[in-house]
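**Student:** Right, I'll just put the structure down here and ask away after.
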Amino acid sequence: MTQSHKDFTSISPSAKSLLLMKSYTNIPFAKDTGALMQGPEAFGLNFDDKDFWFWIRVMHFENRYWSIDQLLSQTSSKNILELSSGYSLRCLDLCLKHANIHCIDTDLIEVVTTKQNLIATLGADRGIKGKFELLPLNTMDEQEFHKVVSRFDDGELTIINEGLLMYLNHDEKKQLCETIHAILKQKGGCWITADVYVKRSPEMQANLPQSRKEAAFFEQHHIEDNKFDSYEAAQAFFSDQGFELVQEAIPDYKALSVMPYLIKALPEHLRNSKEPPPKIQATWMLKIKAT
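For the sequence shown, full-length UniProt numbering assigns the number 1 to the initial residue and increments by one for each residue that follows.
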């Protein structure tokens, strides 16, 4: 099977909600692009009542973003492919800073079109040094995936993603792994994924505030079911697909721009706690297993 016929366009509204949360951080371009985003927020989140749980969400997504960069900085690859990037402008930021980078930013066509308009409105690509491309890609379309990869020159490739695997069921994850494995076997390099999410306990699910729209979205896309049972299960899954875990990002919560707001909103009983936030997600660098 080379192409999934599943309609992934219903996922796109989540990219807008994520951008609006990231706009409260110092993630490159997030404030400016968030300010330009028009229309209602899809999940019915309350952006006026910025309580503890609001800042916890923002902290999670800010940390997830920087965890990719942390592992990316440990590679020597100049060819970078970002999958299902949403409204992140990581690739553009990299190409503004580095002349020797070729970064291809991909997502579904409607997201790409909006993103192109945002970049044009902001003039965000002025003074670009590297080679930046923004292209439509359904990651489950193997033929199109290989076509995008063919745009890179020879040399190792780093594939990155955040916010993708939880929308794929077990067989779809396997299909994506097969495509990525074939590409990395040919080109060399690694896969950095921030999508190693483990299922939450029923108690955690019950205690996590969610709007009705957000809960319906999670149910529609089977997000909790699509998570891994444990980190050990995730590692076993990737191993079965021919990958090995070579590095895990280490969170640096003190460096996050959101931390002053989160600390200010901390409930009294948590203020003196030395415990880090519960680990619900990991960012891994994967490479093809040696044979």
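Positions of the beta carbon are idealized from the N, C-alpha and C atoms, including for glycine.
Computed from a predicted structure; not experimentally measured.
If you drop the 5 nearest sequence neighbours on each side, which residues of the same chain put their C-beta closer than 6 Å to that of Q281?
**Tutor:** The residue labelled residue 281 in the question sits at position 281 within the sequence shown. So the list reads Y197, once near-sequence residues are dropped.
**Student:** Under 8 Å, with one C-beta from each stretch per pair, do the segment 89-105 and the segment 125-140 reach the 3-pair mark?
**Tutor:** Touching, yes.
**Student:** Would you mind reading off the limits of the alpha helix (DSSP H) that contains H181?
**Tutor:** Start at 1 with the first residue of the sequence shown, and residue 181 comes out as number 181. Per DSSP, H181 belongs to the alpha helix (DSSP H) from 170-187.
**Student:** Between N169 and W191, what straight-line distance do the alpha-carbon atoms span, to the nearest angstrom?
**Tutor:** Residue numbering aside, residue 169 sits at position 169 when the sequence shown is read from its first letter. Residue numbering aside, residue 191 sits at position 191 when the sequence shown is read from its first letter. Rounded to the nearest angstrom, the two C-alpha atoms are 19 Å apart.
**Student:** Run through DSSP, which three-state label would V58 get?
**Tutor:** Locating residue 58 in the sequence shown gives position 58, where the first residue counts as 1. Of the three classes helix, strand and coil, the one that applies to V58 here is helix, per DSSP.
**Student:** Which partner residues of P136 appear in the DSSP bridge assignment?
**Tutor:** Locating residue 136 in the sequence shown gives position 136, where the first residue counts as 1. DSSP, once it has assigned bridges, lists D107 as partnering P136.
**Student:** Comparing C-alpha positions only, which one of K187, E110, L72, C95 sits nearest to V149?
**Tutor:** On the sequence shown, residue 149 is found 149 positions in, with the first residue counted as 1. V149 has its Cα closest to that of K187, out of K187, E110, L72, C95.
**Student:** Is the beta carbon of G242 sitting closer than 8 Å to the one on I288?
**Tutor:** Walking along the sequence shown from the start, residue 242 turns up at place 242. Walking along the sequence shown from the start, residue 288 turns up at place 288. Taking 8 Å as the Cβ cut-off, G242 and I288 qualify as a contacting pair.
**Student:** Classify L89 as helix, strand or coil using the three-state DSSP reduction.
**Tutor:** As a first step, residue 89 must be located in the sequence shown, where it is residue number 89. Coil.
**Student:** When you compare only the Cα positions, how much space is there between N226 and G127?
**Tutor:** Here residue 226 is taken as the residue at index 226 of the sequence shown, counted from 1. Here residue 127 is taken as the residue at index 127 of the sequence shown, counted from 1. Each residue's alpha carbon lies about 41 Å from the other.
**Student:** With C-beta atoms as the reference, is D141 less than 8 Å away from M166?
**Tutor:** Within the sequence shown, residue 141 is the residue found at index 141, counting from 1. Within the sequence shown, residue 166 is the residue found at index 166, counting from 1. No, Cβ-Cβ distance for D141 and M166 is not below 8 Å.
**Student:** For V198, which beta-bridge partners are listed by DSSP?
**Tutor:** Along the sequence shown, one-based indexing puts residue 198 at 198. Answer by DSSP bridge pairing, in chain order: F228.
**Student:** Since I believe L36 is in contact with L118 (beta carbons under 8 Å), could you give me their beta-carbon distance rounded to a whole number of angstroms?
**Tutor:** For the purposes of this step, residue 118 is identified with residue 118 of the sequence shown, where counting begins at 1. For the purposes of this step, residue 36 is identified with residue 36 of the sequence shown, where counting begins at 1. With 8 Å as the limit, L118 and L36 qualify as a contact, their Cβ atoms being about 6 Å apart.
**Student:** Determine the burial state of N100: buried for a count of at least 16 other Cβ atoms within 10 Å of its Cβ, exposed for fewer.
**Tutor:** One-based indexing of the sequence shown puts residue 100 at position 100. Flag for N100 reads exposed.
**Student:** When you compare each of F152, L137, T25, P28 to S77 by their alpha carbons, which one comes out closest?
**Tutor:** Here residue 77 is taken as the residue at index 77 of the sequence shown, counted from 1. If we check each option's Cα against that of S77, F152 comes out closest.
**Student:** Quick one: what does DSSP say M285 is sitting in, helix, strand or coil?
**Tutor:** Along the sequence shown, read from residue 1 onward, the residue named residue 285 stands at position 285. If DSSP states are grouped into helix, strand and coil, M285 belongs with the strands.
**Student:** How close, in whole Å, do the beta carbons of T158 and L72 come, if the pair is a contact with beta carbons under 8 Å?
**Tutor:** Along the sequence shown, one-based indexing puts residue 158 at 158. Along the sequence shown, one-based indexing puts residue 72 at 72. Between L72 and T158 the Cβ distance is about 7 Å, and since that is below 8 Å, they are a contact.
**Student:** Which residue's Cα is closest to the Cα of residue 293: T193, K185, E224, K254?
**Tutor:** Nothing about residue 293 can be reported from this structure: the residues present for the chain run from 1 to 291 only.
**Student:** With C-beta atoms as the reference, is I109 less than 8 Å away from C91?
**Tutor:** For the purposes of this step, residue 109 is taken as the residue at position 109 of the sequence shown. For the purposes of this step, residue 91 is taken as the residue at position 91 of the sequence shown. Not closer than 8 Å, so no.
**Student:** Go to E268, then tell me how far its alpha helix (DSSP H) extends in each direction, as first and last residue.
**Tutor:** Along the sequence shown, read from residue 1 onward, the residue named residue 268 stands at position 268. Premise fails: E268 is in no alpha helix (DSSP H) and is neither H nor E.
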